Every structure is written in C-alpha cells, then in structure tokens.
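Q:
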Amino acid sequence: MDIALSAEDLAFRDEVRNFLDTEFDAEMQAHLKSRGSKGMVEWQQKLYAKGWVAPNWPVEHGGTGWTATQKYIWESERSLRGIPDVVPFGLVMVANVIMAFGTDEQKEYFLPRILKSEDWWCQGYSEPGSGSDLASLKTKAERDGDDYIINGAKIWTTYAQHADWIFCLVRTDNSGKKQEGITFILVDMKSEGIKVNPIIGIDNEHNLNEVEFNNVRVPAKNVVGEVGKGWTVAKALLAHERTGIAGVADIKRNMRLIKEAAASEVNGGQRLMDDPGFQQRMADIEVELMALEFTELRTLATMAAGGFPGPESSLLKIKGTELQQATQELRMEIAAYYQGVLPTDMDPEVLGHEFGSDARRAFMYGRAATIYGGSNEVQKNIISKYVLGLE
Amino acid sequence: MNFDYTEEQQMVRDSIARFVQDDYDWDTRRAIVDSDEGMSRENWQTFAELGWLSIPFSEADGGFGGNIVDMSVVMEEMGKGLVVEPFFPTVVLFGGVVARAGDEAQRAEILESVIGGETLGAFAYVERQSRFAINDCKTTATANGDGYTLNGEKVVVFNGENADKLVVLARTSGGQFDEDGLSLFLVDANAEGVSKVCYPMMDAQRVANITFDNVQLGAGALLGSEGGALPVVNDVVSEALIALASEAVGIMGTLNAKTLEYTKTREQFGVAIGSFQALQHRMVDSMMAYEQAKSLLFKALCEYKIDPASAEATIHALKVLIDRNGKLIYGEAIQMHGGMGITDELDIGHYAKRLMMINATLGDGTFHRSKFIESTYAAA
Chain A
6 MDIALSAEDL AFRDEVRNFL DTEFDAEMQA HLKSRGSKGM VEWQQKLYAK GWVAPNWPVE
66 HGGTGWTATQ KYIWESERSL RGIPDVVPFG LVMVANVIMA FGTDEQKEYF LPRILKSEDW
126 WCQGYSEPGS GSDLASLKTK AERDGDDYII NGAKIWTTYA QHADWIFCLV RTDNSGKKQE
186 GITFILVDMK SEGIKVNPII GIDNEHNLNE VEFNNVRVPA KNVVGEVGKG WTVAKALLAH
246 ERTGIAGVAD IKRNMRLIKE AAASEVNGGQ RLMDDPGFQQ RMADIEVELM ALEFTELRTL
306 ATMAAGGFPG PESSLLKIKG TELQQATQEL RMEIAAYYQG VLPTDMDPEV LGHEFGSDAR
366 RAFMYGRAAT IYGGSNEVQK NIISKYVLGL E
Chain B
8 MNFDYTEEQQ MVRDSIARFV QDDYDWDTRR AIVDSDEGMS RENWQTFAEL GWLSIPFSEA
68 DGGFGGNIVD MSVVMEEMGK GLVVEPFFPT VVLFGGVVAR AGDEAQRAEI LESVIGGETL
128 GAFAYVERQS RFAINDCKTT ATANGDGYTL NGEKVVVFNG ENADKLVVLA RTSGGQFDED
188 GLSLFLVDAN AEGVSKVCYP MMDAQRVANI TFDNVQLGAG ALLGSEGGAL PVVNDVVSEA
248 LIALASEAVG IMGTLNAKTL EYTKTREQFG VAIGSFQALQ HRMVDSMMAY EQAKSLLFKA
308 LCEYKIDPAS AEATIHALKV LIDRNGKLIY GEAIQMHGGM GITDELDIGH YAKRLMMINA
368 TLGDGTFHRS KFIESTYAAA
C-alpha cells in the first residue's frame, strides 16, 4: 500500500514537465485551435519524435515501456495543461487489434504508419439499425476472388470526414448465431463506393458522420484475425482497458476550471465560490472523483503487475462518464445566460463572456460519453453478467 | 505504486477471518450479544494472545509497531465478522489517546495491560449538547493544589459499561467552545464520584452516560499538557476515522456478497430474482459504491502513511463517501432480501445497524462534507 514517488519517478516527472512546457508552446496551442485535425496530427508527430506517442504499446513496436506510475504522471501532467489526449481510433483501438490478431504483413505496414500519424483512422461499428445491440449488424461483405465486396452503412462515425482508413465489423455469414459470421476488416476510405454524409451534432458541430458502402471492393488480405471471428476480436478490443479510460485527469482539470470561474462569478456581491449550495455541489463531485482516481490507479497497478484488470476496472467507464457530465453540468450553471451562446467569431470582450460557449460545447458533446463505447446501461449488463455472475 | 498488502498483513487478515469463521458464527455472536456484559472476555483474551490488541502500539510500548494499514486490515476483518468485542473503543480510541498523550510512566502502566487484554478502556468525549464538535465541552477539571477535581457528564461512551479505565476530555480553562483549554485525564471507572447509566445500542455496543461528581484526581492523572488536548485528540480522531472506514468497507463488501448470493438463489415468478435486469443494474450500483469506497480508503491509507496531515481532506471525503455509499448498500441489501430483510433473525439488518452507527460516529457525512469544504475551498 504505497504511492510515494521514487527519485526516478520525480526525475521522470521533471522530464515530462520540461517536454510539455517546451513543445506545447503558444504556436502549438494556436495550431490545435485553428487547424483542426491537422493541428492534432502535428502534435501527435511531436510526441512521436520524442518516442511518447504510444504509452500503452509494447516497446518492440515503439511503445514507451512506462510503469503504471509513469503513465499516471504523464496523464496528470498532460491534462493539467489542457492538452488533448491522442485520437484513439488508430493509436489505441486498431493498433491493439493489429498487434494481437494481425498478420506480420499488416503489422509491418500499418503499425509504423499509425505511430507516425500518417493515417487518420475511424471506427465502423454502429449501424443505423445496430446500436447497443452491436451483434445485429447487417453491413455485408461477400467474397469475390481475392476481394470482398462491402454493402451497407455505418453511423456515428467520428471524424470520418478526415479519415484515411476505417476499421469495420462486417457480416460475412448469416447462417449461425448473430455473434458468428462477423469479420473485422480494414477499409481504405479512398475506395470507390464510399460516401461520407455529415451529421451535425447537438453541439452544432460536425464530428459525426454516416458512412455508406456501395459495392466497395476490399482486398481479402485486409481481414484482421480469422474470417467470422470478428466478434472475438471486437470483444478483446473492448476488454483492453486503456490508461485514462475514466478520464480522471480531464475531470480534475474541469474541476479546476470550475473553481477558477466560480471565484470570479458574482451573485449579488457573493462569489459563487462562497455559495454554500454551490460548494456542496462541488464537494459531492470531488469526493467521488478522489475515489475514482484511485479506482483507476488500482487498475493501472494490477495491469503493470501483469494481471488482468479486476472488477474495479469495469466501473471506470460508468463512473468516469457520469462525473464528466456532472462537471460539464456545473460549468453550464456557472455560465448562466451565457451557456446559450452559439459558436461565434465575435470578440469575447465585446460578447462579455468566453466561458459560456466552451461550456456549452463540452456539455453538449459530452452527452455522447454515456452512449458511446457501449452505453452505460450495456456496461451494467456486462458487469452484471461477467463480474457479478448474474444471468 | 502498489495497493498490495504485505505478507504479514495478509497473515493477520487470515487469522481474524479464521477466528470469525471457526469461533464467531452467527449463533455464537448472538449469544455473546445477549450475555450480561454483551461481550466475551474469553474472546478478548484470544485477541490478546493472537497479538491483535498490540498492533497499533510502538515496540517501545510493548506493541507490534504496526502502521495505519495494519490497523485497517484488523478493522476491515472485524467489520466482516461484525465483531462486538470493544476493539475500537479500547485499542483505537482509549489506547490511541494514551499512546499519543501519555508520558513514559503512563504508557507503561496502561498500554501493557491493554495489550495483555487485562484492561478495557473507553474514551469519554461526547456530551449531551456537543453532537460532533469535540471542542464543545462543559465538563471541567479544576486544579486543587496537587491534583484536579472533575465535574460533568459524558454520554454515549463506547464500551462505557465494561471499561476499567477512562480517558476523559475536560476543560481546564476557557469557555464552552474554546479550542484551547481542553485537557485529558485518566480516570478509574470505579473512582469515587463516578457513576454511570448503561444501555445497549442498536449495533450491540454497550455504552454508558457517565457522571463525574467532584471526582478527585492526582497530578499523575493528567495526560499530556494542560490545556493542549485538542490537537492530540484530533490526531486520534483522524486515525479512528480511517479505522471506522475500514470496518465499514468490510461490512459493505459482506452485505453486497450476501445480497448477491441471495438474488442468485431466491426464486420468484419461477426464476432467480437475480435474473431481473431492474435488480441487476442496482446490484451493479452497489458493487460500484463498494469499490469506490475501497479506493478512497486506499487513498487515505497511502497519504496517511506518507504524512498524516496530508490526508486531512481525504479523510473527510472518505467519511462522506462511507456515509453516502453505506446508505445505498444497506438500503439495497434490505430491499433485495424482501420481507426477510426486515427481520431481526437475519444478519443483514445487524450489518446495516452497525453501518448506521459508524456513520453517526465522529461526524456524519453532512458534518464531514462541511469540513471537507472548509479544508479545501476556504483559501480558493
């Protein structure tokens, strides 16, 4: 029972601080704001140059070999500065699948490109008719010589408009149980027959898309794992818990933003920060957050010791997203009338408030967190079955 | 970073678990609770022989020299077994005060007999009006030449019925609410002028309201500095809060396990009630509430080990979460057990009542939320 940092850990923390303070400079911050996905690629390439873009990869493929404590230090320092996490679709999701199930040829081709952020990936799981019941998916892949011909549609595909590749679950067989006959396949977004239809979100932004597949020809060598075993591959990916799944470091940053703003907002002469009602709301969140941070650390420590995450890990997604939303809600309350401000080019000085629009965007986009990656209700089904053993 | 228990801690845990399993089954416990003293002296001797009573005390005082994690392990296992013998009042509170405030002679006199199981102790700090404010103290100790005269009343003194020795918090100067001017005194429970009214609590504790009527104390009865008791008491309270939280975590885990088992076997409408999704999701909520409480306990333990003062905000937060999640867990445990859940016969209600008393001890969730706010947001 020990969390004291060693001399090596402290030296590592200094190195991280020094790196972030140097590289995440004003220019980089401006690029992230103004250049969208290109700004993100620029940042990920800086991380790649330092060798830190993939903390969870094995060293042999270009990972860092960090201990649980080092990963925790990295996450804390990153989020403290408001630096976004890497885009997960390539570096976290498809990379783990390729490492675990891919052929040598797939590993040699894709992994270095992912590491260097040369390809932008997106995820083709959900379909217009298949949300929480993912295994009911219908997008069809039929064999034709050395290729598959894909027909169907994927939906809620984040950043498909920027993507070079999409990893998909497709149906290659209809004869057995619905979980059988699903195959995991990689598709070049430049293929003929792919059409990306934008979906404007509740946050008024374009992050989501529908991706249509009309007779899209994909080489059979792009199948990852065995044909018909895509469900196993997808489950392994879901089970692969990653650092920061709960977003604890980012929720802590939200709390800091809340305190800063509540210290300057005033109601009838009283700072919001000094309002007992508001203080209690903050305390209720913070108590739960302090606990969640250690739930996450327990998971990290178990994994670092080579173990499989225990029951404590399965609540990270549920509690983490609930707390994310609770902090987003508090930020909206602080913004008061200004929570309704839509995206605008107006000077914040003229407008009177900068905080409001940011709070609104985070709150609205944040609604997705309890829905994606398996809705929180599906998570409870999973915990109930696999952790509590209830059938 | 690690959240493992040492081999030694694992051994202590196993030995208490074995005691509970072999010698503390539900009928045995019930007989002990119903006995005259509401505790088993024989069990207390066993605790002494197995070294459990020595765990928090330093080796210089004849103890095991254990740290906060060792203490936590003992309390968690006691919680699982719902052990009624007065470990918390005697070892954690009474022993904790003597170990911190006593001089060498006082520690030698008292702690050796606590460790040996000969002395049962109690810490008398609650007054009728005081609720959770320890500084709210009307009991007075007036200097009288070479000693003190003690007057006043303490209520709900844990283990007050069976304690041989008391530590009494009394005012030697200042007004009712002053933080300075509080002192600690060692008082023989049978001294002249000490009278008590004993009664049982819903969690089977035997407590007493104790009146001090011109009790004459020698100069040697003063523990620590005159007027400077509060910081010492606060230190004991911090450790006691972690101890109580550990006991609560043991109880919560047991309640969840028993409830889960019940929903797998209890059949209604031709199926196990655990097959209903409405119940499954609530069981998941209870499981998460337990894991979160355990995580926050780990945080408190790790911080306290590095520096007790650094754990202050976390300890307040821990008491808040134990209160909140404890209520959820015992409430759900009773509800899921249906009619059986509201009987005296089933153990579920008894675990619930102990959790409720833990919540009410040394400050409830509302109290500690205010303390958390004070310690965290005051400067912001």
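So the sequence lines, in the order shown, correspond to chains A and B. Each residue of the first sequence is one higher than the one before, starting from 6 at the first, in our numbering. Each residue of the second sequence is one higher than the one before, starting from 8 at the first, in our numbering. Glycine residues also receive a C-beta, built at the ideal position from the N, C-alpha and C atoms. Quantities reported herein were computed from a predicted structural model and do not represent experimental measurements.
In three-state DSSP terms, what is GLN128 (chain A)?
A: Three-state result, GLN128 (chain A): strand.
Q: Going along chain A in order, which residues have a C-beta closer than 9 Å to the C-beta of SER302 (chain B)?
A: The contacting residues are MET295, ALA296, LEU297, GLU298, PHE299, THR300, GLU301, LEU302, ARG303 and GLU317.
Q: So what does LEU100 (chain B) bridge to, in DSSP terms?
A: Beta-bridge pairing links LEU100 (chain B) to no other residue.
Q: What does the Cβ neighbour count give for PRO353 (chain A), buried or exposed, with the cut at 16 atoms within 10 Å?
A: Flag for PRO353 (chain A) reads exposed.
Q: Could you check whether the region 214 to 231 of chain A touches the region 104 to 111 of chain A, counting it as contact only if at least three pairs of C-beta atoms, one from each stretch, sit closer than 8 Å?
A: The region 214 to 231 of chain A, when compared against the region 104 to 111 of chain A, does touch it at the 8 Å Cβ threshold.
Q: Can you give, in chain order, each stretch of the alpha helix (DSSP H) that sits fully within the region 105 to 160 of chain B and has at least 4 residues?
A: Qualifying alpha helix (DSSP H) stretches, in chain order: 111 to 122.
Q: Between which residues of its own chain and HIS323 (chain B) is the CB-CB distance below 8 Å, once the five residues before and five after are set aside?
A: Same-chain partners within the cutoff: HIS375, ARG376, LYS378, PHE379 and SER382.
Q: Taking the C-alpha atoms as reference points, what is the distance between SER318 (chain A) and LEU302 (chain A)?
A: Answer to the nearest angstrom: the Cα atoms are 10 Å apart.
Q: Count the other CB atoms, across all protein chains shown, that sit within 10 Å of the CB of SER137 (chain A); report buried if there are 16 or more and exposed otherwise.
A: Classification for SER137 (chain A): exposed.
Q: Quick check on GLN299 (chain B): buried or exposed, where buried means 16 or more other Cβ atoms within 10 Å of its Cβ?
A: Buried, by the Cβ-count rule.
Q: What residue range is occupied by the uninterrupted beta strand (DSSP E) comprising HIS36 (chain A)?
A: Where HIS36 (chain A) is concerned, there is no enclosing beta strand (DSSP E), although the alpha helix (DSSP H) it sits in stretches over 31 to 39.
Q: Does chain B have any CB closer than 8 Å to the CB of LYS385 (chain A)?
A: Yes, LYS385 (chain A) lies at the interface with chain B (some Cβ there is under 8 Å from its Cβ).
Q: So, helix, strand or coil for THR218 (chain B), using DSSP?
A: Strand.
Q: Going by CA-CA distance only, name the one from B:HIS344, B:VAL27 and B:LYS87 that's closest to GLU268 (chain B).
A: It is B:HIS344 whose Cα lies nearest to the Cα of GLU268 (chain B).
Q: Are the C-beta of GLN287 (chain B) and some C-beta of chain A separated by less than 8 Å?
A: With 8 Å as the cut-off, GLN287 (chain B) counts as an interface residue toward chain A.
Q: I need the DSSP call for ASN263 (chain B), collapsed to helix, strand or coil.
A: Reduced to three states, the DSSP call for ASN263 (chain B) is helix.
Q: Measuring from the CB of TRP236 (chain A), is there a heavy atom of the ligand MG at a distance below 7 Å?
A: For the ligand MG, the structure offers nothing, since it holds no ligand at all.
Q: Measuring CA to CA, which of B:GLY159, B:SER293, B:THR35 and B:GLY182 is closest to SER202 (chain B)?
A: With distances taken between Cα atoms, SER202 (chain B) lies closest to B:GLY159.
Q: Return the first residue and the last residue of the alpha helix (DSSP H) that ARG336 (chain A) is part of.
A: Unbroken alpha helix (DSSP H) run through ARG336 (chain A): 321 to 340.
Q: Less than 8 Å between CB atoms is the rule here; does GLY281 (chain B) satisfy it with respect to chain A?
A: Closer than 8 Å to some Cβ of chain A, the Cβ of GLY281 (chain B) qualifies, so yes.
Q: Nearest CA to the CA of ILE141 (chain B): which residue from B:ASP292, B:GLN17, B:SER180 and B:ASP185?
A: For the residues B:ASP292, B:GLN17, B:SER180 and B:ASP185, the minimum Cα distance to ILE141 (chain B) belongs to B:ASP185.
Q: Under the rule that 16 or more other beta-carbon atoms within 10 Å means buried, what is GLY333 (chain B), buried or exposed?
A: Classification of GLY333 (chain B): buried, given that the 10 Å Cβ count is 16 or more.
Q: Quick one: what does DSSP say LEU369 (chain B) is sitting in, helix, strand or coil?
A: Note: LEU369 (chain B) maps to coil in three-state DSSP.
Q: Excluding sequence positions up to five away, which residues of its chain have a Cβ less than 8 Å from the Cβ of MET337 (chain A)?
A: So the list reads GLN344, ALA364, ARG365 and PHE368, once near-sequence residues are dropped.
Q: Given a limit of 8 Å on CB to CB distance, which residues of the region 58 to 77 of chain B reach chain A?
A: Against chain A - using a Cβ distance shorter than 8 Å - the residues of the region 58 to 77 of chain B are VAL76.
Q: List the residues of chain A whose Cβ lies closer than 7 Å to the Cβ of ARG376 (chain B), in chain order.
A: Under the 7 Å cutoff, chain A gives GLN285 and ALA288.
Q: Quick one: is GLU246 (chain A) buried, meaning 16 or more other Cβ sit within 10 Å of its Cβ, or exposed?
A: With a pLDDT of only 47 at GLU246 (chain A), under the threshold of 50, the placement of this residue in the model should not be trusted, and no figure is reported.
Q: Can you list, in chain order, the residues of its chain whose CB lies under 7 Å from that of THR248 (chain A), leaving out five sequence neighbours each side?
A: With a pLDDT of 47 at THR248 (chain A), under the threshold of 50, the predicted position of this residue should be treated as unreliable, and no value is reported.
Q: Does ILE62 (chain B) come out as helix, strand or coil in the three-state DSSP assignment?
A: Reduced to three states, the DSSP call for ILE62 (chain B) is coil.
Q: Closest to LEU224 (chain B) by C-alpha separation, out of B:LEU248, B:LEU191, B:ALA307 and B:GLY234, would be which residue?
A: Out of B:LEU248, B:LEU191, B:ALA307 and B:GLY234, B:LEU191 has the C-alpha closest to the C-alpha of LEU224 (chain B).
Q: Name the chain A residues that come within less than 9 Å of LYS306 (chain B), Cβ to Cβ?
A: Those within 9 Å of LYS306 (chain B) in chain A are ILE8, MET295, ALA296, GLU298, PHE299 and LEU302.
Q: Between B:THR261, B:HIS288, B:GLU274 and B:THR272, which lies nearest to TYR358 (chain B) when the distance is taken from Cα to Cα?
A: The residue with the shortest Cα to Cα distance from TYR358 (chain B) is B:THR261.
Q: For a cutoff of 8 Å on Cβ pairs, would you count GLU83 (chain B) as touching chain A?
A: With 8 Å as the cut-off, GLU83 (chain B) does not count as an interface residue toward chain A.
Q: Using 10 angstroms around the beta-carbon of ILE23 (chain B), count the other beta-carbons present and answer buried if the total reaches 16, otherwise exposed.
A: Burial call: buried.
Q: Along the chain, where does the beta strand (DSSP E) that runs through LYS203 (chain B) open and close?
A: Residues 201 to 207.
Q: Is the separation between the beta-carbon of LEU142 (chain A) and that of LEU174 (chain A) shorter than 8 Å?
A: Yes.
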